[in-house]
Amino acid sequence: MVPFLIVGISVIAIIVFILKKETNHFKSKPFPKEWRAILLEKVFFYTILNVDQKKMFEIEIQRFFHYIEIIGLKVEVTEEDRLLVASSAIIPVFGSLNTYYVELSQVFLTDKAVRDLGSSFTLGEVRLGTKTTLFLSKRALHQGFKNLNDRSHVGIHEFAHILDLADGSIDGIPSLFMDEELIEEWEKRMHSEIERIQKGKSTIRDYGATNTKEFFAVVTEYFFENPNELKKNHPKIYKILQTAFNQDLENHYLKRIKRAFSSRKKIRRNDLCPCGSGEKFKNCCKKNSKI
């Protein structure tokens with residue numbers, strides 16, 4: 002047992018050394034101001050990070066671009082497209098940045114819907130093979146970053162599948178992110194909530210009842226799109242995901258609103274909500290907060 006333990010510790014030490022060396026490499030690379038401007042305008046998650054966290058997010062953007070190719074299928078791929086793809090990947094793992102999409106090699110963007118391996122169409126799909134590839138509808142990708150209150154984000158949804166795959170199978174149980182006790186609790190909550198969705202008694206999107214792998218992807222969208230609502234309606238599911246992702250997002254929306262209120266410009270009831278949902282303030286965060 003002792004030699005095995007020593008080998009295990011050595012491997013961990015090597016991995017940590019490589020990751021630290023990689024991070025230092027990307028730290029030294031300048032992050033274009035144009036990219037930062039796009040993140041500030043389009044990626045709500047990035048806007049609520051502090052200065053050091055923003056720097057780390059930028060490093061991960063560059064790391065993602067270094068390892069994963071983003072290709073357009075009969076559609077132009079802009080810098081904004083690339084940044085939104087990378088952000089979709091980084092957001093779920095930002096609480097544990099030693100996690101990488103080692104299974105993924107390429108991301109393909111399509112103009113509209115993606116034709117799946119059957120005969121139907123979908124907004125995104127993970128395809129397995131000698132190299133794992135991800136297909137995303139460019140329009141759906143952008144829509145996910147525009148509306149923060151619809152509990153739907155195709156980019157995060159598909160990268161949730163990639164995370165699920167990290168343990169070897171896409172089954173709705175991301176075992177590399179959960180210990181045995183948490184997995185047991187997760188399976189119990191997952192099957193129980195799928196039944197509630199089927200009976201029309203859940204705020205989780207109906208697509209989450211398709212199977213366990215889609216349930217995990219759908220609630221991951223919910224967790225990052227509207228964490229306050231998820232915690233209010235499904236506190237135990239929120240707690241499990243909070244632990245798995247090592248992120249507590251409950252106050253993200255309130256932070257954004259308070260920042261807006263602390264500025265000189267007053268937000269009126271009929272103004273667009275500063276959370277970025279596209280809804281009027283009175284119908285969005287004002288209704289869901291004590292502000």
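All you need for the numbering used here is the position in the sequence shown, starting with 1, plus 1. Note that CB positions come from ideal geometry on N, CA and C, so glycine has one too.
Any idea if residue i is buried or exposed, counting beta-carbon neighbours within 10 angstroms, 16 or more meaning buried?
| i | result |
| --- | --- |
| Q54 | exposed |
| E196 | exposed |
| D165 | buried |
| D180 | exposed |
| Y239 | buried |
| K232 | buried |
| P93 | buried |
| A245 | buried |
| S203 | buried |
| A210 | buried |
| V52 | exposed |
| E194 | buried |
Helix, strand or coil, according to DSSP, for residue i in the structure here?
| i | result |
| --- | --- |
| S89 | helix |
| T293 | Because the chain is modelled from 2 through 292, residue 293 falls outside the range shown and cannot be assessed. |
| S106 | strand |
| G73 | strand |
| F136 | strand |
| T221 | helix |
| T213 | helix |
Below 6 Å CB to CB, which residues in the same chain sit around residue i once its five sequence neighbours on both sides are set aside?
| i | result |
| --- | --- |
| A87 | I62 and F65 |
| L40 | Y47 |
| D249 | Q243 |
| E81 | I39 |
| E59 | F32 |
| N284 | none |
| S120 | Caution is warranted here: a pLDDT of 40 is assigned to S120, below 50, making its placement in the model unreliable, and the coordinate value is therefore given only provisionally. Result list for S120: empty, nothing under 6 Å. |
| F178 | A245 |
| E188 | none |
Under 7 Å Cβ to Cβ from residue i, same chain only, skipping five residues before and after it: list those, please.
| i | result |
| --- | --- |
| D112 | K75, V76 and K139 |
| S176 | D168 and I184 |
| V44 | S88 and F146 |
| H182 | A quick correction: the sequence has Glu, not His, at residue 182. Nothing meets the Cβ criterion. |
| R152 | R206, E222, Y223, E226 and N227 |
| M191 | G173, T213 and F216 |
| E186 | I241 |
| T134 | S106, Q107, F109 and R128 |
| Q199 | A210 |
| K56 | none |
| H67 | none |
Check the C-beta distance from residue i over to residue j and give it rounded, since I have them as a contact under 8 Å.
| i | j | result |
| --- | --- | --- |
| K214 | I163 | No, K214 and I163 are not in contact; Cβ-Cβ is about 11 Å, not under 8 Å. |
| E251 | N229 | 6 Å |
| H158 | A218 | 5 Å |
| V84 | W36 | What sits at residue 84 in the sequence shown is Leu, not Val. That belief holds up - the Cβ atoms of L84 and W36 are roughly 6 Å apart, short of 8 Å. |
Please work out which residues of its chain come closer than 8 Å, Cβ to Cβ, to residue i, disregarding the five sequence neighbours upstream and downstream, and give them in chain order.
| i | result |
| --- | --- |
| E341 | For residue 341 there is no data in the structure shown, the boundaries of the chain being 2 and 292. |
| N247 | G96 and S97 |
| I72 | V78, Q107, V108, F109 and L110 |
| Y208 | E215 and V219 |
| K30 | Q63 |
Please go through the segment 34 to 78 and give each complete beta strand (DSSP E) segment of 3 or more residues, from N-terminal end onward.
Counting whole runs of 3 or more residues, the segment 34 to 78 contains the beta strand (DSSP E) stretches 70 to 74.
What beta strand (DSSP E) runs, 3 residues minimum, are completely inside the segment 134 to 196?
none
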